[in-house]
Amino acid sequence: MAANIGILKRPVSTDGVWGWITTVDHKRIGILYGVSAFIFFLVGGIEALLMRVQLAQPDSTFVDAGTFNALFTMHGTTMVFMVVMPAGAAFFNFLVPLMIGARDVAFPRLNALSYWLFIFGAILMNFSFFKAAFPDVGWFGYAPLTTSEYTLSSSTDYWVLGLQIMGVGTTAAGFNFVITILNMRAPGMTLMRMPLFPWMTLIVSFLIIFAFPPLTIALTLLLFDRFFGTNFFDTAGAGADPLLWQHLFWIFGHPEVYILILPAMGIVSDVLPTFSRKPLFGYTTVVFAGAVIAFLGFGVWAHHMFTTGLGAWATAAFAGATMAIGVPTGVKVFNWLATLWGGSIQFKTPLLFALGFISMFMLGGLSGVMHAAVPVDTQQQDTYFIVAHFHYVLFGGSIFGLTAGIYYWFPKMTGRMLSERIGKWHFWLMFIGFNATFMPMHILGVLGMPRRVYTYSVDQNWAGLNLFVSVGAFIIAVSILLLIINIVRSARKGEAAGMNPWAGATLEWAIPSPPPHYNFAVIPTVRSQHPLWDEEANAVEPPPLPAHGEPHMPDPSYWPIVVAFGITMVAGGLLIWQANTWLGLFVIAVSGFIGMRGIYGWVFEPVAEESAERVHAHH
Amino acid sequence: MQYLSGIDDHRTSTGLDNRKMLMWAFLGSDVMFFGTLIGTHLIYRNRNLSGPQEEILSIPITTISTFVLLMSSLAMVLALAGIQRGNMGQFRFWTAIVCIFGSIFIGFQMFEFTEFAAHYGLTPRTNLFGSTFLVMTGFHGTHVAVGILWLWSILFASYKGKIHQGNSLQVEIAGLYWHFVDIVWIVIFGVVYLIGAYGAEGRALEDAHHAARAVGIG
Amino acid sequence: MTTEHAHVEEHNHPGPRQYVIIGAILAVITLIEFGVFYLSIDPALMTWIILILSSSKFLLVVGYFMHLKFDDVRFSGLFFAPFLIMVSIAVVLMALFFNLTR
Amino acid sequence: MTTPTAHPQNLAATLRRLLYFALAAVALVAVLASCDTPLTTFEPRSDAAQRVHTIYIFVIVAASIVGFLVLAAMAYILWKYRERPGHTAQQIHGNTTLEITWTVIPILILVAIAIPTIVWIAGTTAEPDEDALHIEAVGHQWWFEFRYPGLGPDGEDLVTANELRIPVGRQVAITLEAKDVIHSFWVPQLVGKTDMVPGRTNILEKFTATEVGTFYGQCAEFCGSAHALMRFRVHVDSHADFDRWVENMNADPVPPEEGSVEAAGARVFTNFCARCHTIYGVSTEEIGPNLTLFGDRATLGAGILDSTDENLKAWVSNIRDIKPVLETTNAMPTFYVGDPLVDQLTEAQVDQVVVYLKSLKLR
Ligand code: HEA
Ligand code: HEA
Ligand code: CUA
Ligand SMILES: [Cu+2]
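Residue numbers (numbering that gives the first Met the number 0), protein chains in the order written: chain A, 0 to 618; chain B, 0 to 217; chain C, 0 to 101; chain D, 0 to 362.
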């Protein structure tokens with residue numbers, strides 16, 4: 000079954016479910032990420048809708064306190080770690096190699112491992128629903144509430160372990176994209192010729208590999224406290240300081256919010272030039288601003304802790320640093336506007352979402368600057384004003400930006416166009432629903448409504464606005480349904496896209512849609528920032544496959560999913576260990592062995608060569 | 000844009016090897032990992048409500064184990080130099096030394112841990128010092144152990160002909176990891192042991208003086 | 000061996016000879032650290048001495064054993080960028096927890 | 000297609016219009032804010048809250064103006080440069096002057112915001128006034144304890160719960176602690192929030208209430224299942240009222256008449272409640288809220304219910320019908336009244352203890 004027709008054929012079929020499970024193709028992994036993220040978006044959205052039903056009226060008994068606390072915890076955790084991050088990863092995976100002119104990422108199997116760790120971690124955390132209950136400690140899990148003294152239920156263990164596993168997967172992906180972008184660019188594709196999206200991916204990947212370790216440590220310490228009785232967060236018994244957790248979490252957490260927004264900024268920076276028919280204004284500044292944002296992002300974490308009694312000097316310093324981030328961000332916003340200026344603006348759906356991004360993100364950024372004014376934050380912290388801020392940046396920013404990306408690159412990914420008509424309906428409904436939901440939250444915040452309350456009473460007079468907000472949330476839901484309809488419709492009878500439906504300037508538009516698994520029959524040599532504009536390469540048909548046949552691509556592999564499974568089940572064993580020591584140890588031992596065996600197999604498996612034994616070994 | 004023929008699929012934009020770059024990126028990330036652990040330890044210094052803390056650290060013993068680890072790093076570069084010149088004998092000898100020295104270091108650490116538990120009752124559950132110190136050094140020890148396993152596998156593979164002068168990069172990358180584990184220990188030894196125990200030892204000495212004076216022998 | 004030869008060695012790849020010398024220096028520094036620990040001096044002074052000695056060991060291992068001094072600067076970037084971030088964060092954290100800033 | 004005609008004649012006029020618009024929006028928020036919402040941050044009733052409010056308004060106006068200007072610019076650009084026949088895009092790549100301009104202007108605005116911020120932060124470090132009233136507030140899952148050092152019986156702490164009393168016009172200096180997890184002390188109309196962190200003692204911004212009245216407070220840090228129901232009240236009293244209250248708290252309670260319902264209630268209290276609740280002169284345990292002068296409290300259950308007889312009865316009978324407290328050792332137990340299998344108190348006993356508690360009033 001090995002070598003035929005002169006090149007090495009894949010020994011394992013890429014068809015069917017097994018094809019997807021063993022895939023190491025960055026495009027397929029991208030699609031896996033994307034689909035998973037979308038499903039979790041529906042889950043997180045339904046959680047939000049349930050919260051909104053509960054809050055629509057005062058003294059509501061639709062859900063009880065525990066359920067509500069679980070809802071916002073899982074909503075926040077889901078949206079951040081299982082929606083926006085993997086959605087970003089979906090675009091990184093599918094597009095970065097295409098945009099920089101590479102055949103795949105630097106480490107295809109590591110890439111698959113990242114995905115499987117993400118999905119297994121997400122499943123593990125959600126599995127808590129069947130075993131105990133959903134975690135209910137808030138998405139930033141402040142100690143000592145999360146220690147076993149105050150959270151007896153094992154749901155917090157699921158939260159810790161699930162997050163830990165997803166974190167490992169994400170970090171692995173971060174390494175992969177750092178190397179891919181630094182090392183795998185096509186000839187002539189210098190860093191300063193790279194489109195903005197790969198640039199922002201590079202910056203985000205650095206943020207990931209440097210910001211996740213503190214979270215990993217924080218979670219490990221908490222895990223040890225909960226499982227092995229260490230004292231890291233034991234305030235009463237051992238004199239620990241609860242602020243340790245907050246520092247570690249936010250040292251990760253603030254860079255994390257830029258991990259969530261920079262991919263969207265990259266998308267928007269590539270969508271705007273295409274639809275204004277002119278190059279990005281101030282390319283160098285926009286790139287540089289992204290780097291500055293990321294760098295400053297490591298020095299502002301304590302703005303989440305202004306009310307914890309940091310001391311005057313520290314508070315002032317962190318306030319100043321936080322405000323400083325407004326400057327590079329502003330530079331980006333103004334450069335985007337200048338990109339539109341003087342253009343010939345085509346109001347296609349991707350552009351609408353990009354414009355939604357700029358306007359709504361900016362409003363969210365401005366409320367962020369208000370929080371940075373410490374006296375104001377003492378009145379805003381932990382109120383709906385904060386909830387409004389972060390939904391403006393997360394939904395108005397990340398989700399709008401990512402949706403722009405969906406409309407922009409869907410044709411490239413599937414070969415079919417989405418309907419412009421439904422797309423525009425989707426945009427306007429979402430835009431209106433979004434503002435109806437989150438704009439009044441500012442007022443609720445001003446009126447003193449705290450966040451994370453499962454109920455409020457009539458005399459607090461927040462009922463009217465809350466009802467309004469809840470209605471808005473359902474308008475968003477309808478708009479999401481339109482997106483689903485659009486995708487389903489397009490899958491059935493979407494118009495064929497062709498190579499470059501938007502007349503874009505970047506490399507991904509120089510190959511067929513959807514791209515063949517080897518991406519480029521011949522690797523292009525790049526000579527400018529806009530290879531498809533500057534040289535009228537629109538007319539250049541991609542060259543046919545060279546005579547010696549398809550390029551040599553990595554083979555599928557079982558090991559990534561085996562290793563991911565082993566790691567996840569070690570965590571599962573820990574959870575079982577809580578209830579049944581010996582069974583737990585047994586599961587840990589077995590899955591540890593599976594994981595080690597997986598790593599061993601991986602190391603000695605050639606990246607791409609026939610290996611008939613492997614097929615035997617596993618069937 | 001052009002389509003030139005004859006572009007090597009395996010070239011990299013920077014001319015640097017992917018795997019080596021991956022290792023450096025990983026080490027950068029691991030800096031954050033150990034930095035956070037050491038930071039946590041330092042933050043929690045002298046906050047213990049009860050139980051032993053830095054005064055129980057034994058500087059002479061740890062100086063020896065530090066020395067052993069440093070010398071293992073030296074052995075590592077010698078091994079690499081060996082394989083890069085195609086001198087497999089030299090490579091194997093020094094790699095074995097690295098593994099042995101690494102194991103000796105682990106031995107010291109196990110001795111330290113059991114000693115702490117047996118003589119001072121210090122476990123990760125005892126107090127903040129126990130938690131931060133043992134988890135931090137424990138993670139370091141785990142890194143050392145992984146390194147030993149890795150180098151063992153390389154040594155083993157070299158006998159099967161899978162590691163040779165042609166892919167000495169494999170050894171170089173493992174070596175980077177090994178040296179990193181060494182420099183983490185340099186920091187821990189300096190900051191946690193020497194600086195950390197200095198005050199404590201001083202206090203212990205003072206206490207001893209006071210006690211001596213109190214019983215009239217000082 | 001002429002001085003020029005040594006010079007060339009320095010700037011290309013150090014050989015086993017240099018490694019052994021570095022190893023010896025590392026051992027000596029460690030010995031000095033050990034000695035300093037038993038001096039009765041101001042703890043602040045002692046802290047600085049140890050910090051300087053440890054950093055020189057750190058730099059020697061990174062520079063020579065890990066070849067960073069002779070290798071591509073991008074590797075240095077990958078390593079020292081997070082290193083500087085981490086050191087700054089740690090310093091800020093210690094200042095906060097010891098309340099130097101109140 | 001027509002050429003755009005909608006663009007403004009005069010920049011100054013546009014700017015003025017935008018400013019009015021921003022102010023109108025702020026005014027709208029202010030109006031909404033004033034319609035009787037007890038936790039509003041927009042009706043300051045102390046010097047501290049007023050200082051914050053001034054900065055708040057400044058910042059909100061500044062941000063609104065920036066926001067409106069950018070949105071307006073965007074709308075203008077989109078209109079002006081929409082795709083039209085015969086119109087092609089100008090291939091501009093950048094402009095250094097512009098880049099510098101839009102870097103410097105935001106810096107200036109941010110400096111303008113940073114200055115009052117830093118001045119305010121510096122102000123928080125000031126020592127309390129000589130005659131300031133010192134209070135320690137302690138957060139518990141899910142209620143607030145207030146201690147007045149030195150004002151209690153025998154010069155000890157005077158302790159009360161969930162309803163803080165302070166005199167008008169006198170500075171109060173509150174320190175914050177927590178017993179279990181992190182809570183946060185917040186009375187929007189009087190003072191911004193500061194967290195109550197176990198193992199730490201935080202200092203709340205010093206403030207002087209400017210008006211007699213009752214103000215709502217709320218725990219603002221998520222602290223577990225009943226976080227939403229961890230509220231409190233602050234009564235700002237006249238000096239005379241405040242002194243009278245302190246005196247009454249310290250006075251030994253009049254023992255209920257033998258054979259009265261109150262006396263029966265007092266017995267129930269001693270048997271079932273005294274192991275957690277203090278009433279000065281009656282009991283000394285401090286696991287639950289101090290109930291001295293409970294009859295004068297307006298609220299029940301950490302500010303969540305009016306202190307009516309029915310509510311009190313329901314509370315004592317089965318607290319978990321009202322508040323999702325967990326079954327920990329220090330939590331108020333449910334007495335399962337009316338549940339024949341597990342009840343611990345009879346309905347009559349509850350009635351008695353209610354009457355007793357309500358009788359603990361100011362004299
Ligand atoms: C995508 C995610 C994202 C992004 C990009 C941001 C961006 C910013 N955030 Fe936000 N933030 C969150 C997500 C995000 N945030 C989340 C999730 C929380 C809550 C976490 C929790 O508690 O659960 C939070 C909370 C939060 C707080 C803590 C509030 C509290 O709990 O009390 C603060 C305080 O300073 C803050 C500030 C900022 C600032 C200054 C920016 C800046 O980066 C914004 C910069 C942008 C602009 C300023 C607009 C564009 C600029 C111009 C048009 C130029 C002109 C502007 C000026 C002159 C000002 N954020
Ligand atoms: C990217 C991040 C993100 C996104 C997109 C959202 C989206 C939404 N959020 Fe989000 N939210 C957070 C991140 C996010 N949130 C975070 C981090 C927190 C803090 C959590 C914490 O405090 O710990 C939070 C908290 C939070 C709160 C505060 C809870 C509290 O403090 O008590 C509220 C309240 O209204 C809320 C509402 C919503 C709503 C209505 C949406 C909507 O926009 C959702 C829209 C989506 C849908 C409506 C899904 C569509 C579903 C369908 C169309 C049904 C179809 C069904 C099938 C096909 C089966 N969120
Ligand atoms: Cu106490 Cu929330
Ligand atoms: Cu932040």
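Every residue gets a Cβ at the ideal spot worked out from N, C-alpha and C, and that includes glycine.
Just so we're clear, the structure is a prediction, and the values are computed from it rather than from any experiment.
Output, in chain order, the set of chain A residues within a Cβ distance shorter than 8 angstroms of residue i.
i: T333(D); result: Residues of chain A passing the Cβ test: none, with the nearest at roughly 15 angstroms.
i: T363(D); result: With chain D running from 0 to 362 in the structure shown, residue 363(D) is simply not present.
i: L105(C); result: Because chain C spans 0 through 101 in this model, residue 105(C) falls outside it and cannot be assessed.
Check the C-beta distance from residue i over to residue j and give it rounded, since I have them as a contact under 8 angstroms.
i: V19(C); j: I182(B); result: Contact doesn't hold; Cβ gap of about 19 angstroms is too wide.
i: S127(A); j: S154(A); result: 5 angstroms
i: G59(B); j: T229(A); result: Note that residue 59(B) is Pro in the sequence shown, not Gly. The Cβ separation is near 28 angstroms, so there is no contact.
Comparing the CB of residue i with every heavy atom of ligand 4, is any distance shorter than 7 angstroms?
i: H302(A); result: yes
i: H253(A); result: yes
i: V291(A); result: no
i: V79(A); result: no
i: V256(A); result: yes
Could you name the residues of the same chain whose beta carbon sits closer than 8 angstroms to that of residue i, not counting the 5 residues immediately before and after it, in chain order?
i: L26(B); result: L175, Y176 and F179
i: I385(A); result: H370, Q379, G444 and R450
i: A290(A); result: I202
i: A347(D); result: none
i: N3(A); result: At N3(A), the pLDDT of 30 sits below 50, so the modelled position is not reliable and the matter cannot be decided from this model.
i: A203(B); result: Caution applies to A203(B), whose pLDDT of 48 falls short of 50 and renders its modelled position unreliable; the model cannot decide the point.
When every heavy atom of ligand 3 is checked, does at least one fall within less than 7 angstroms of the C-beta of residue i?
i: C218(D); result: yes
i: M229(D); result: yes
Taking 6 angstroms as the limit between beta carbons, can you name the residues of its chain near residue i, skipping five residues before and five after?
i: P349(A); result: V270, A403, Y406 and Y407
i: L56(B); result: Y192 and A196
i: A549(A); result: In the sequence under discussion, the amino acid at residue 549(A) is Glu, which differs from the Ala named in the question. Within the same chain, E549(A) has close Cβ partners Y517.
i: I28(C); result: L52 and K56
Which residues in chain C sit within 7 angstroms of residue i, going by Cβ to Cβ distance?
i: Y197(B); result: F36, P42 and M45
Only counting the same chain, and skipping five residues up and downstream in sequence, which positions put a Cβ closer than 7 angstroms to that of residue i?
i: W532(A); result: A504
i: G100(A); result: R184, A185, M188, L506, F519, I522, P523 and V525
i: M85(C); result: none
i: P85(A); result: Y32, S35, A36 and F117
i: G201(B); result: Its pLDDT being 49, under 50, G201(B) is placed unreliably in this model, and the coordinates cannot settle the point.
i: D130(D); result: R169
Any heavy atom of ligand 2 closer than 7 angstroms to the Cβ of residue i?
i: S224(D); result: no
Chain C partners of residue i, CB-CB under 9 angstroms?
i: T13(B); result: D71 and R73
Determine the chain B residues that contact residue i at a beta-carbon separation under 9 angstroms, and present them in chain order.
i: P410(A); result: In chain order: nothing, as chain B lies at least about 20 angstroms away.
Since residue i meets chain B, which of its residues come closer than 7 angstroms, beta carbon to beta carbon?
i: L259(A); result: Simply none; closest approach about 19 angstroms.
What residues from chain D crowd round residue i, counting only those whose CB sits closer than 7 angstroms?
i: P241(A); result: I181, V196, P197 and G198
Query raised in the report: Looking at chain A, which residues of the region 117 to 129 of chain B have a Cβ within less than 7 angstroms of any of its Cβ atoms?
Result: P123, R124, N126 and L127
**Report entry** chain D contacts made by the region 144 to 161 of chain A, where a contact means CB separation under 7 angstroms
**Finding:** L144 and Y149
Report task. Select from the region 64 to 93 of chain D all residues with a C-beta closer than 7 angstroms to any C-beta belonging to chain A, and list them in chain order. Result -> V65, G66, V69, L70, A72, M73, I76, L77, Y80, R81, E82, H86, T87, A88, Q89, Q90, I91, H92 and G93
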